[in-house]
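**Q**
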Amino acid sequence: MGAGAKHRLVFVDRLLTTLVHLRHATTHDVLACWSGVDRSTITRAIAEVRPLLAERGCTVSPGVRLRTLAEVVDHLGAGGKTGIIDGTEIRVRRPAAGRKDRDRFISGKNKQNAVKAMVVTDGDGRVLFCSPAKPGSCADITHARRLGLVELLADGPAVEILADAGHQGLGAQTGGRVITPPHRKFKKNAPDWYEEAYERQRKAHSSRRIRVEHGIAHLKNWRALARHLGRREHMSDTVQAVAGLLSHQQTADLASARQM
């Protein structure tokens, strides 16, 4: 305890530096000039504070935070609320040539180097959970399975989860608790009555699920998630730190609106 080089920035300054870096993607060189310290000091400060922010979890009420997917499922079940899940991709730098896992970061959807995270919101679009980042080649349904969503819904409380077509198949594995858009029965020469019914059901589902897109848009307003130019190893801490900060802001805004 107490060993190592002493900090040239107090904790409040290190915290503010990390917040500016996450919110505006300000480079370490610029932050070092503002603070009057060396670039390595800023790098060390962000590396220490960012994991602390990621461990806080998402705030749902004053003093109550959700840190795991299991806690999110229990929270939704206890309140009888509907959850919405979706995957989001964040562009990252291309891995160096010769790396054996270079192709894992290529997204088959957007044809770009990216990492992927699963976001869970409630019916109002409030962020409840953001998973650690996975390489962009990982499918949404595979990511959800690896996080244990199927087991949590099959053995946990009765919770309704809305998802997009990329999660089709989870409904059968969770007893119908994951609701996805309807399957298209006719690929060619569909009757007019079927087209009308299909579009009506698809739009109804999309209008309920659109809240998670709004939540993801608020996450992407933080420039660190618009396009990440740093190390890919830090993406999990970065995305979870931003999700925790955003959820805290959403909870504070909701409390202020109720008091007015």
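All letters in the sequence shown, in the order written, are residues 8 to 267 by our numbering. C-beta atoms are modelled at their ideal positions from N, C-alpha and C, and glycine is treated no differently. Everything numeric in this text was worked out from a predicted model, so none of it was measured.
(1) Nearest-angstrom Cα distance between A282 and A231?
(2) When the Cα atoms are used, what is the spatial distance from L253 to K195?
(3) Below 8 Å between beta carbons: does that hold for L269 and V67?
(4) M125 and I92: beta carbons closer than 8 Å?
(5) I need the DSSP call for R72, collapsed to helix, strand or coil.
(6) Taking the C-alpha atoms as reference points, what is the distance between E206 and Q175?
(7) Please report the Cβ distance between R30 and W229, rounded to the nearest whole angstrom; I am assuming they are in contact, meaning their Cβ atoms lie under 8 Å.
(8) Do you know whose CA, among D171, H241, K227, lies nearest A211's CA?
(9) Give the DSSP bridge partners of N120, in chain order.
(10) Of the choices G130, A161, F112, A146, whose alpha-carbon is the least far from that of A77?
(11) Decide yes or no for the touch test of the region 123–137 against the region 233–250: beta carbon pairs closer than 8 Å, at least 3 of them.
(12) Check each candidate in A259, R100, G130, S214 and name the one with the smallest Cα separation from V166.
(13) With distance defined between alpha-carbon atoms, name the residue in G87, G155, A39, F112 nearest to L239.
(14) Quick check on DSSP: helix, strand or coil for K192?
(15) With V122 and P142 assumed to form a contact (beta carbons below 8 Å), what rounded beta-carbon distance in angstroms separates them?
(16) Take T50 and list the residues in its own chain whose beta-carbon comes closer than 7 Å to its own, dropping the five residues that flank it on each side.
(17) Which class does K141 belong to by DSSP, given the choice of helix, strand or coil?
(18) Select from A52, V44, K88 the residue whose C-alpha is nearest the C-alpha of R21.
(19) CA-CA distance, G183 and L177?
(20) Can you say whether R106 is buried or exposed, counting buried as having 16 or more other CB atoms within 10 angstroms of its CB?
(21) Is the beta carbon of G94 sitting closer than 8 Å to the one on D147?
**A** Checking against the coordinates, here is how it stands:
(1) Residue 282 lies beyond the stretch modelled for the chain, which goes from 8 to 267, so this question has no answer here.
(2) So the alpha carbons of these two residues sit roughly 45 Å apart.
(3) Lying outside 8 to 267, the shown extent of the chain, residue 269 is not represented and no answer is given.
(4) yes
(5) If DSSP states are grouped into helix, strand and coil, R72 belongs with the strands.
(6) Answer to the nearest angstrom: the Cα atoms are 17 Å apart.
(7) 6 Å
(8) D171
(9) I113
(10) A161
(11) yes
(12) Ranking the options by Cα distance to V166, first place goes to G130.
(13) Correcting the residue type first, residue 239 is Arg in the shown sequence and not Leu. That would be F112, whose Cα lies nearest to the Cα of R239.
(14) coil
(15) Confirmed, Cβ separation roughly 6 Å.
(16) H35
(17) strand
(18) Residue nearest to R21 within the set A52, V44, K88 is A52 (criterion: CA-CA distance).
(19) 8 Å
(20) The residue in question, R106, is exposed, as its Cβ has fewer than 16 Cβ neighbours within 10 Å.
(21) yes
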